[in-house]
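Single-structure report; data block below.
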Amino acid sequence: MDPIDGVLELRDVRRTHGTGEAAVHALRGVSLTVRAGELVAVMGPSGSGKSTLLALAGGLDRPTSGEVVVEGEALVGLSARELARLRRRRIGYVFQDLNLLGSLTAVENVALPLELDGAGVRAARQSALDALREVDLEDLADRFPDQMSGGQQQRVAIARALVGERRLVLADEPTGALDSQTGEAVLHLLRRRVDAGAAGVLVTHEARHAGWADRVVFLRDGVMVDSTAPLIGVDHLLSGSLR
Amino acid sequence: MTGGRLAAVRGSWRTALRIARREARRSRRRTLLVLVMIALPVLGLSFAAVSYDMADLNRAERIERQLGGADVALRWDSLTAVTQDAWGESAWPVQGEWVDRTRPATAEEVRALLPEGSRVARTRWWMTFSTRIGRHVESIEARAVDLTDPLTRPLARVRDGRPPVRPDEIAVSPTALRRLETRIGDPVRTIDGTTYRVVGVVEYPDNLRDVITLPGVTPEGTAGSDTWLVDLPGPLDPGLVDRLNAQGVQVVARDRLPGRDEFSRGMRVPDADEAGVVGVVGGLGLLEVVLLVGPAFAVSVRRRRRDLALVAVAGGDAAHLRRIVLADGVVLGAGGAALGLLLGIGAAFAGRPIVEQYLLGERLGAYRIFPSALVAIAATAVLAGVLAAMAPAWTAARQDVATGLAGRRDGSRPRRRWLLIGLALTVAGTALAAFAAGRTSQTGVLAGVALGELGLVFCTPTLVGVLGRAGRLLPLTPRLALRDASRNRSSAAPAISAVMAAVAGSVAIGVYVASDETRSRELWQPGLPPGNVLLTHSGDIPADPPSADVVATRARTVLPDATVTPVAVPGCAGTVRDKNDCAAYALVPPEQRCPYTSSDPVPDAARRDPRCVSPFQEPVDVYLPALVDDGAALAALTGAPADELAAARRTLATGGVVVTDARRVVDGQVRVEVNYNSGGPPSGRLLPAYVLRGGLSVDRLVLSPAAADALGLSAVPLGYLLDTAGSPTDRQMEMLIDELYDIGPMSAQVATADPPSDQRPMLLLLAVASGVITARISLNADRASRPER
Numbered sequence: 061m062d063p064i065d066g067v068l069e070l071r072d073v074r075r076t077h078g079t080g081e082a083a084v085h086a087l088r089g090v091s092l093t094v095r096a097g098e099l100v101a102v103m104g105p106s107g108s109g110k111s112t113l114l115a116l117a118g119g120l121d122r123p124t125s126g127e128v129v130v131e132g133e134a135l136v137g138l139s140a141r142e143l144a145r146l147r148r149r150r151i152g153y154v155f156q157d158l159n160l161l162g163s164l165t166a167v168e169n170v171a172l173p174l175e176l177d178g179a180g181v182r183a184a185r186q187s188a189l190d191a192l193r194e195v196d197l198e199d200l201a202d203r204f205p206d207q208m209s210g211g212q213q214q215r216v217a218i219a220r221a222l223v224g225e226r227r228l229v230l231a232d233e234p235t236g237a238l239d240s241q242t243g244e245a246v247l248h249l250l251r252r253r254v255d256a257g258a259a260g261v262l263v264t265h266e267a268r269h270a271g272w273a274d275r276v277v278f279l280r281d282g283v284m285v286d287s288t289a290p291l292i293g294v295d296h297l298l299s300g301s302l303r
Numbered sequence: 003m004t005g006g007r008l009a010a011v012r013g014s015w016r017t018a019l020r021i022a023r024r025e026a027r028r029s030r031r032r033t034l035l036v037l038v039m040i041a042l043p044v045l046g047l048s049f050a051a052v053s054y055d056m057a058d059l060n061r062a063e064r065i066e067r068q069l070g071g072a073d074v075a076l077r078w079d080s081l082t083a084v085t086q087d088a089w090g091e092s093a094w095p096v097q098g099e100w101v102d103r104t105r106p107a108t109a110e111e112v113r114a115l116l117p118e119g120s121r122v123a124r125t126r127w128w129m130t131f132s133t134r135i136g137r138h139v140e141s142i143e144a145r146a147v148d149l150t151d152p153l154t155r156p157l158a159r160v161r162d163g164r165p166p167v168r169p170d171e172i173a174v175s176p177t178a179l180r181r182l183e184t185r186i187g188d189p190v191r192t193i194d195g196t197t198y199r200v201v202g203v204v205e206y207p208d209n210l211r212d213v214i215t216l217p218g219v220t221p222e223g224t225a226g227s228d229t230w231l232v233d234l235p236g237p238l239d240p241g242l243v244d245r246l247n248a249q250g251v252q253v254v255a256r257d258r259l260p261g262r263d264e265f266s267r268g269m270r271v272p273d274a275d276e277a278g279v280v281g282v283v284g285g286l287g288l289l290e291v292v293l294l295v296g297p298a299f300a301v302s303v304r305r306r307r308r309d310l311a312l313v314a315v316a317g318g319d320a321a322h323l324r325r326i327v328l329a330d331g332v333v334l335g336a337g338g339a340a341l342g343l344l345l346g347i348g349a350a351f352a353g354r355p356i357v358e359q360y361l362l363g364e365r366l367g368a369y370r371i372f373p374s375a376l377v378a379i380a381a382t383a384v385l386a387g388v389l390a391a392m393a394p395a396w397t398a399a400r401q402d403v404a405t406g407l408a409g410r411r412d413g414s415r416p417r418r419r420w421l422l423i424g425l426a427l428t429v430a431g432t433a434l435a436a437f438a439a440g441r442t443s444q445t446g447v448l449a450g451v452a453l454g455e456l457g458l459v460f461c462t463p464t465l466v467g468v469l470g471r472a473g474r475l476l477p478l479t480p481r482l483a484l485r486d487a488s489r490n491r492s493s494a495a496p497a498i499s500a501v502m503a504a505v506a507g508s509v510a511i512g513v514y515v516a517s518d519e520t521r522s523r524e525l526w527q528p529g530l531p532p533g534n535v536l537l538t539h540s541g542d543i544p545a546d547p548p549s550a551d552v553v554a555t556r557a558r559t560v561l562p563d564a565t566v567t568p569v570a571v572p573g574c575a576g577t578v579r580d581k582n583d584c585a586a587y588a589l590v591p592p593e594q595r596c597p598y599t600s601s602d603p604v605p606d607a608a609r610r611d612p613r614c615v616s617p618f619q620e621p622v623d624v625y626l627p628a629l630v631d632d633g634a635a636l637a638a639l640t641g642a643p644a645d646e647l648a649a650a651r652r653t654l655a656t657g658g659v660v661v662t663d664a665r666r667v668v669d670g671q672v673r674v675e676v677n678y679n680s681g682g683p684p685s686g687r688l689l690p691a692y693v694l695r696g697g698l699s700v701d702r703l704v705l706s707p708a709a710a711d712a713l714g715l716s717a718v719p720l721g722y723l724l725d726t727a728g729s730p731t732d733r734q735m736e737m738l739i740d741e742l743y744d745i746g747p748m749s750a751q752v753a754t755a756d757p758p759s760d761q762r763p764m765l766l767l768l769a770v771a772s773g774v775i776t777a778r779i780s781l782n783a784d785r786a787s788r789p790e791r
């Protein structure tokens, strides 16, 4: 295997659901590298394979072929348990909404990966509080999700995504359920965490959100059609006029 | 397990329990449902355990009830020296056989054995107080005790009035007061004509049922069991106990007597068969609870699939997800256990008076619980919760994360291996039950049923799927219901299994009970033609028993068509007219005897050999030994046809005997032998015999008076045979006994064509139980089918 300097590396990744005539090719030979301190936005129409890419990057799904490497560790040979351990230690997810477990407080939600990994209660709580402080929510540490606004919940999700030694955050439309102001604040936070040394992949539909990224990759029908700096010809790319 | 791994497991359990606790608070209806289903059996079991523990008196409580205010209690029942245990609970002769005292000891005799200055008070228990209540003669337990004496006063509690003091006074227990329909100040007349006046209501902690208290002084010769309560002038001297034992006196003291063995009074250990039945029935109960609770967890997992997917995204592996659902079982099992224990203990404490009065008939000991049993019950409840959550936990661990995140239903099909395991268990259970039925092993049958049920539970998801596919042939409404059940297999399967287990279990028990009843009917052998009654003299045989005409006159007031014949049994001739001292029997000639001994394994040849197969069954209801009769009682005794009876009577008239077993007769003669209880070799002789083949299929020997005489026997009156020409009811039998009481107390046994047991209430109960479970699950299913939150 070639040396990899990125936190996340996808090499000629393909993902096909079903077989024969019923086969659906969700991704067709996608390659992507995301380095530390880099936020990559993934854009594309519905069904283009954005979420599949994120699932493969996070070890929630396995590629039909190709390689996914996270911080130098190839995911292809890992067992389900090893993949889970990888998610606990290195990968954080942020979804559009309902990111948090309703029966855990904010700090407990953030501490969840650490506790699952065997960290002591105090140590996990302290790390979680540190992470919450990073997202300016230390004061709400003991609130339950239904006692927080949508934006606050997303910030807690970002804190959980990067708690401990995690360096890869995979965000799937993290602002989709928020108003524009709150959405911008969340993206600002994400950007700040990436600038602090993490690597991020941001799936979004909106070009202005992609503007927070260092790079934008465009997917269409499971193929990466372009990779560019943000806000350059985005609308054209989405409409498919540039190939 | 490495330290890191252990810490991870601990951490994930901690998180899982925290989530389960919070979820229990958030999903109140589900929590309540599960808590109730787990708490109910726990309540019942803990109620039983605590009540049992309070009823199981400790030594101090037992001694308190025996000693009252005394230092020691003495029982002087033996004429020879005895050895006793350390607490005076049992005694046995130092040498040879136990020799009973022929008369009760007097106070002077007891005092003579004790140190100077000792004070004694006698209590006499187990006497009979017979009186008439309405038309019934009722015998009530009576106790003669002076409740004004400080030594005996603590033995009872005077609830009203005062203790009896004069010879014509009595006190009654509260229940006896109601039963006798009397009040303080009213007279009560005994059967022998003595009249007493009720002066108080007295309750004994060891017997809350009907008890009459007589004053401490009772007439000489009154039957009963005496205990002497003693107030010693100083501490109990071990030497005194030795001296009392040497005189045949058993001593109960407040403290352990030195130098004597102590016997354990631990709980009776059930034998392997009992333990097996209890284990299997308990296991079936646990399975039923697990299946009833299971759907609630399955519904919960379905509703929380996104939460579980989020845990997986956060790094939870299959084990973590399993633990989160299992933690639900732990938390709700523990909650149900705690609730059930609290309610059970509370109910046992609050329900003490009911248990005391109506169930046990005695006061319980101090308020206490039964910690070890309660811990076991609680552990079983938690186990039930965990087991109920197990299948949903496995389902949750198999859930596809992406599907869960999208909130979609996981369309995974039931695994083939569960079907195979289910089929294997069902076949094995059926085979075991069939095999055990052949060997009449209750445990085996129940274990087979349990195994078979478990197998069906494993098969249920597949069966539901198959039925769902077959639904296309059904009308719309049942088709929708079937498809819904098929789509929601994870919650429908345990519910269907619970109904199936309840129905299968009750059907299996019902079939067992019904078969057992059929077997009992087939084995049932009345000792007299059905409907006929045997009246026997109670107690000693009267020297001048009432004539058959007198008995008939009384009996016909209750049974108008009854004919009465006196019956007698052979007894030793001479002054001792005891019917038990001499036993006559017709000998089976050597050539007719079974050549195999009972200790041999029964060979097939023995099964086919007519000499080894008795043509008769032992009567189960009325026992009758050989009789002495001139033929008058034969009809009521055997119900044989008239021509045979006539021939039999002719044989009896010529000094012969009548038998029903043809194997005993050789060349028209039978050898009758007599065994003597006093020892000595049996005597006997050959007598002409008639074989009565018709009538009741019971082995009988009837000696003519002349034959009895020839054997050196006399006819000892046993009682009367009543040919009732019908089937007397229980009420008629009660009235008959009442009617005859005046002319001499008698007991009556009626022969019935069928065994008296009636299992229909049991079968009805089973049907109701499965109906309740089915209704309960239907409600559950309705709840599960509501829109998700």
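Quick mapping for you: the protein sequence lines, in order, are chains A and B. The numbering used here numbers the first residue of the first sequence as 61 and each following residue consecutively. The numbering used here numbers the first residue of the second sequence as 3 and each following residue consecutively. We put the beta carbon where it would ideally sit given N, CA and C, even for glycine.
*Are V277 (chain A) and E98 (chain A) closer than 8 Å when you measure CB to CB?*
no
*Leaving out the 5 sequence neighbours to the left and right, which residues in its chain are closer than 7 Å to T235 (chain A) when beta-carbon positions are compared?*
G243, V246, L247, H269
*At least one CB of chain B closer than 8 Å to the CB of E175 (chain A): is that the case?*
yes
*For the beta strand (DSSP E) containing I379 (chain B), list its first residue and its last residue.*
Taken as a continuous stretch (DSSP letters only), I379 (chain B) belongs to no beta strand (DSSP E), being part of the alpha helix (DSSP H) at 373 to 400.
*For the putative contact between E205 (chain B) and A158 (chain B), defined by C-beta atoms under 8 Å, what is the C-beta separation to the nearest angstrom?*
Indeed, because the Cβ distance is near 6 Å, the residues count as touching under 8 Å.
*When the cut-off is 8 Å and only beta carbons count, does R148 (chain A) lie next to chain B?*
yes
*So does the segment 98 to 117 of chain A actually touch the segment 180 to 198 of chain A, counting three or more Cβ pairs closer than 8 Å?*
no
*Look at the alpha carbon of T215 (chain B) and the alpha carbon of L293 (chain B), and state the distance between them as a whole number of angstroms.*
55 Å
*asked:* Cutting at 6 Å between CB atoms, please list the residues of its own chain near D583 (chain B), excluding the five before and the five after it.
replied: C574, N679
*chain B partners of G178 (chain A), CB-CB under 7 Å?*
What G178 (chain A) touches in chain B: G6, A9, A10, G13.
*To which residues of the same chain is V283 (chain B) closer than 7 Å at the C-beta, ignoring the five residues directly before and after it?*
L448
*Can you round the beta-carbon distance between H322 (chain B) and L176 (chain A) to whole angstroms, since I take them to be within the 8 Å contact cut?*
6 Å
*Work out the CA separation of P207 (chain B) and E364 (chain B) for me, nearest whole Å.*
6 Å
_8 Å contact criterion, which I511 (chain B) and L334 (chain B) should meet: CB distance rounded_ = Wrong, their Cβ atoms sit about 29 Å apart, outside the cutoff.
*asked:* Output needed for R666 (chain B): all residues of its chain with C-beta closer than 6 Å, excluding positions within five of it in sequence on either side, in chain order.
replied: A588, V590, V672
*Given that G137 (chain A) touches chain B, what residues does it touch there, using C-beta distances under 7 Å?*
Result: empty, since nearest Cβ-Cβ is about 16 Å, beyond 7 Å.
*When the distance is taken between beta carbons, is P106 (chain B) closer than 8 Å to P169 (chain B)?*
no
*asked:* Using only the alpha-carbon positions, how far apart do D121 (chain A) and L19 (chain B) sit?
replied: In a straight line, the C-alpha of D121 (chain A) is about 28 Å away from that of L19 (chain B).
*asked:* Against chain B, with Cβ distances strictly below 8 Å, would V181 (chain A) count as a contact?
replied: yes
*If the cut is a Cβ gap below 9 Å, which residues of chain A does E25 (chain B) touch?*
G162, S163
*Closer than 8 Å, CB to CB, is R1 (chain B) near chain A or not?*
Any property of residue 1 (chain B) remains undetermined from this structure, which presents chain B solely from 3 to 791.
*Along chain A, which residues have their Cβ under 9 Å away from the Cβ of Y320 (chain B)?*
Correcting the residue identity first, residue 320 (chain B) is Ala in this sequence and not Tyr. Those within 9 Å of A320 (chain B) in chain A are A140, R141, A144.
_Three-way DSSP call (helix, strand, coil) for C574 (chain B) in this model_ = strand
_With DSSP as the reference, identify every bridge partner of I142 (chain B), one or two as the case may be._
B:F131
*Nearest-angstrom Cα separation, counted from R61 (chain B) out to I371 (chain B)*: In this structure, the alpha-carbon of I371 (chain B) lies about 17 Å from that of R61 (chain B).
*Mind pulling the chain B residues with CB within less than 7 Å of L158 (chain A)?*
Correct list: R308.
*Just to confirm, are D330 (chain B) and A22 (chain B) a CB contact at a threshold of 8 Å?*
yes
*Leaving out the 5 sequence neighbours to the left and right, which residues in its chain are closer than 7 Å to I292 (chain A) when beta-carbon positions are compared?*
Residue confidence for I292 (chain A) is low, a pLDDT of 46 falling below 50, so the modelled location carries little weight; the figure read from the coordinates is stated next. Cβ neighbours of I292 (chain A) beyond the five flanking positions: none.
*With 16 as the cutoff for other CB atoms within 10 Å, does D206 (chain A) come out buried or exposed?*
exposed
*Closer than 8 Å, CB to CB, is D190 (chain A) near chain B or not?*
Chain B, which has no Cβ nearer than 8 Å to the Cβ of D190 (chain A), makes this no.
*Can you list the beta strand (DSSP E) stretches of 3 or more residues lying completely in the segment 202 to 236 of chain B, in chain order?*
213 to 216, 227 to 233
_Using C-beta distances below 6 Å, list every residue in its chain close to D2 (chain B), excluding the 5 sequence neighbours before and after it, in chain order._
The shown model of chain B, from 3 to 791, leaves out residue 2 (chain B), and the question about it has no answer.
*Residues bridged to A586 (chain B) (per DSSP)*: B:V676
_With 16 other Cβ atoms within 10 Å as the buried cut-off, status of V67 (chain A)_ = buried
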